[in-house]
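Undergrad: Got a structure for you, questions after.
In this note's numbering, the protein residues as written are 1175 to 1318.
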(Lines of atoms letter the chains of each structure in order from A and count residues from 1; the text may use other names and numbers.)
(Lines give C-alpha, C1' and ligand atoms only; values in the text may rest on other atoms or scores of the structure.)
Protein backbone atom coordinates (compact mmCIF):
# COMPACT_ATOMS: atom_id res chain seq x y z
CA UNK A 1 0.00 0.00 0.00
CA UNK A 2 1.30 3.41 -0.75
CA UNK A 3 0.30 6.17 1.62
CA UNK A 4 3.14 8.45 0.53
CA UNK A 5 1.87 11.97 0.55
CA UNK A 6 -0.97 11.18 2.94
CA UNK A 7 0.44 13.14 5.80
CA UNK A 8 0.40 16.46 3.93
CA UNK A 9 2.60 18.08 6.52
CA UNK A 10 3.30 21.42 4.96
CA UNK A 11 5.44 22.67 7.83
CA UNK A 12 4.25 26.15 6.95
CA UNK A 13 5.10 27.34 10.43
CA UNK A 14 8.52 25.72 10.47
CA UNK A 15 10.53 28.60 9.05
CA UNK A 16 10.46 27.10 5.56
CA UNK A 17 8.71 29.26 2.99
CA UNK A 18 9.44 26.68 0.29
CA UNK A 19 7.31 23.94 1.89
CA UNK A 20 4.96 22.11 -0.46
CA UNK A 21 1.40 21.25 0.52
CA UNK A 22 0.56 17.74 -0.66
CA UNK A 23 -2.90 16.64 -1.74
CA UNK A 24 -4.50 13.86 0.33
CA UNK A 25 -4.13 10.47 -1.37
CA UNK A 26 -6.71 7.77 -1.83
CA UNK A 27 -7.52 5.65 1.19
CA UNK A 28 -4.74 3.15 1.95
CA UNK A 29 -5.28 -0.58 1.59
CA UNK A 30 -4.80 -1.82 5.13
CA UNK A 31 -5.18 -5.48 4.15
CA UNK A 32 -1.39 -5.57 3.65
CA UNK A 33 1.00 -4.81 6.51
CA UNK A 34 1.81 -1.12 6.73
CA UNK A 35 5.38 -0.51 5.63
CA UNK A 36 7.63 2.17 7.08
CA UNK A 37 9.59 2.35 3.83
CA UNK A 38 6.57 2.45 1.51
CA UNK A 39 3.76 4.02 3.53
CA UNK A 40 5.15 6.14 6.35
CA UNK A 41 8.69 7.37 5.67
CA UNK A 42 8.10 8.85 2.20
CA UNK A 43 5.51 11.20 3.67
CA UNK A 44 7.73 12.15 6.59
CA UNK A 45 10.61 12.79 4.17
CA UNK A 46 8.58 14.92 1.77
CA UNK A 47 6.52 16.81 4.32
CA UNK A 48 8.28 16.95 7.69
CA UNK A 49 11.99 16.31 7.26
CA UNK A 50 12.61 19.75 5.79
CA UNK A 51 15.17 22.36 6.74
CA UNK A 52 13.74 24.39 9.60
CA UNK A 53 11.39 21.57 10.61
CA UNK A 54 12.23 18.01 11.61
CA UNK A 55 15.59 17.63 9.87
CA UNK A 56 19.17 18.77 10.10
CA UNK A 57 21.58 19.15 12.99
CA UNK A 58 19.08 21.00 15.21
CA UNK A 59 15.57 19.81 14.30
CA UNK A 60 12.50 21.44 15.87
CA UNK A 61 11.70 19.90 19.28
CA UNK A 62 14.85 17.79 18.95
CA UNK A 63 12.93 15.40 16.67
CA UNK A 64 14.21 14.27 13.29
CA UNK A 65 11.92 12.47 10.87
CA UNK A 66 14.62 12.06 8.23
CA UNK A 67 14.96 8.78 6.38
CA UNK A 68 17.16 6.34 8.26
CA UNK A 69 16.97 8.30 11.53
CA UNK A 70 13.58 7.31 13.00
CA UNK A 71 15.28 4.81 15.35
CA UNK A 72 18.19 7.10 16.28
CA UNK A 73 18.62 7.45 20.06
CA UNK A 74 17.83 10.94 21.27
CA UNK A 75 16.73 12.61 18.03
CA UNK A 76 14.65 9.85 16.45
CA UNK A 77 11.05 8.94 17.15
CA UNK A 78 10.75 5.21 17.80
CA UNK A 79 11.35 4.38 21.45
CA UNK A 80 12.56 7.92 22.23
CA UNK A 81 11.11 9.98 25.08
CA UNK A 82 9.27 13.13 24.11
CA UNK A 83 10.63 16.40 25.45
CA UNK A 84 7.07 17.76 25.60
CA UNK A 85 5.07 15.03 27.36
CA UNK A 86 5.61 12.02 29.63
CA UNK A 87 5.34 9.64 26.66
CA UNK A 88 7.58 8.13 24.04
CA UNK A 89 7.40 9.86 20.68
CA UNK A 90 6.46 6.48 19.18
CA UNK A 91 5.87 3.60 21.57
CA UNK A 92 6.04 0.38 19.56
CA UNK A 93 2.81 -1.56 20.00
CA UNK A 94 0.93 1.37 21.56
CA UNK A 95 -0.31 4.11 19.23
CA UNK A 96 -2.54 5.51 22.00
CA UNK A 97 0.59 6.13 24.08
CA UNK A 98 2.62 7.59 21.20
CA UNK A 99 3.06 11.35 21.47
CA UNK A 100 3.53 11.79 17.72
CA UNK A 101 0.00 10.44 17.16
CA UNK A 102 -1.39 12.88 19.74
CA UNK A 103 0.42 15.81 18.09
CA UNK A 104 -1.03 14.84 14.70
CA UNK A 105 -4.53 14.42 16.16
CA UNK A 106 -4.34 17.62 18.21
CA UNK A 107 -4.88 15.77 21.49
CA UNK A 108 -1.46 16.47 22.99
CA UNK A 109 -2.98 18.50 25.85
CA UNK A 110 -4.86 15.42 27.06
CA UNK A 111 -1.58 13.59 27.69
CA UNK A 112 0.38 16.40 29.31
CA UNK A 113 1.82 17.73 26.07
CA UNK A 114 2.20 21.26 24.81
CA UNK A 115 2.18 23.24 21.61
CA UNK A 116 -0.01 23.15 18.56
CA UNK A 117 -1.40 20.35 16.46
CA UNK A 118 0.93 19.28 13.68
CA UNK A 119 1.49 20.09 10.94
CA UNK A 120 1.98 23.61 12.20
CA UNK A 121 0.14 25.99 9.89
CA UNK A 122 -0.92 23.21 7.54
CA UNK A 123 -4.09 21.18 7.13
CA UNK A 124 -4.65 18.27 9.52
CA UNK A 125 -3.35 14.92 8.34
CA UNK A 126 -5.85 12.62 6.68
CA UNK A 127 -7.79 10.06 8.65
CA UNK A 128 -6.37 7.44 6.27
CA UNK A 129 -2.78 8.34 7.10
CA UNK A 130 -3.53 8.39 10.83
CA UNK A 131 -5.04 4.92 10.50
CA UNK A 132 -1.97 3.67 8.64
CA UNK A 133 0.39 5.28 11.17
CA UNK A 134 -1.56 3.83 14.11
CA UNK A 135 -1.57 0.39 12.48
CA UNK A 136 2.19 0.52 11.87
CA UNK A 137 2.83 1.58 15.48
CA UNK A 138 0.42 -1.01 16.91
CA UNK A 139 2.20 -3.66 14.81
CA UNK A 140 5.38 -2.80 16.73
CA UNK A 141 6.72 0.06 14.56
CA UNK A 142 8.91 -2.34 12.57
CA UNK A 143 11.81 -1.09 10.47
CA UNK A 144 10.22 -2.48 7.33
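Beta carbons: idealized from backbone N, C-alpha and C, even for Gly.
Does the pairing of the stretch 1245-1257 with the stretch 1218-1237 give three or more beta-carbon distances under 8 Å?
TA: yes
Undergrad: What number of angstroms, rounded off, separates the C-alpha of residue 1297 from the C-alpha of residue 1219?
TA: 17 Å
Undergrad: Take residue 1191 and list the residues in its own chain whose beta-carbon comes closer than 8 Å to its own, dropping the five residues that flank it on each side.
TA: Bear in mind that the predicted position of residue 1191 carries a pLDDT of just 43, short of 50, making it unreliable; the figure below should be weighed with that in mind. Counting only Cβ-Cβ distances below 8 Å, and skipping sequence neighbours, we find nothing.
Undergrad: Tell me where the alpha helix (DSSP H) around residue 1205 begins and ends.
TA: It is not in any alpha helix (DSSP H) - residue 1205 carries neither H nor E in the DSSP assignment.
Undergrad: Can the beta-carbon of residue 1258 be found less than 8 Å from the beta-carbon of residue 1289?
TA: yes
Undergrad: With DSSP as the reference, label residue 1234 as helix, strand or coil.
TA: helix
Undergrad: How is the alpha helix (DSSP H) around residue 1270 delimited, first residue to last?
TA: It is not in any alpha helix (DSSP H) - residue 1270 carries neither H nor E in the DSSP assignment.
Undergrad: Taking all protein chains shown into account, decide if residue 1262 is buried (16 or more other Cβ within 10 angstroms of its Cβ) or exposed.
TA: buried
Undergrad: Going straight from the alpha carbon of residue 1314 to that of residue 1286, what length do you get?
TA: 23 Å
Undergrad: Are residue 1311 and residue 1272 closer than 8 Å when you measure CB to CB?
TA: yes
Undergrad: In three-state DSSP terms, what is residue 1255?
TA: strand
Undergrad: What's the gap between the Cα of residue 1275 and the Cα of residue 1231?
TA: 24 Å
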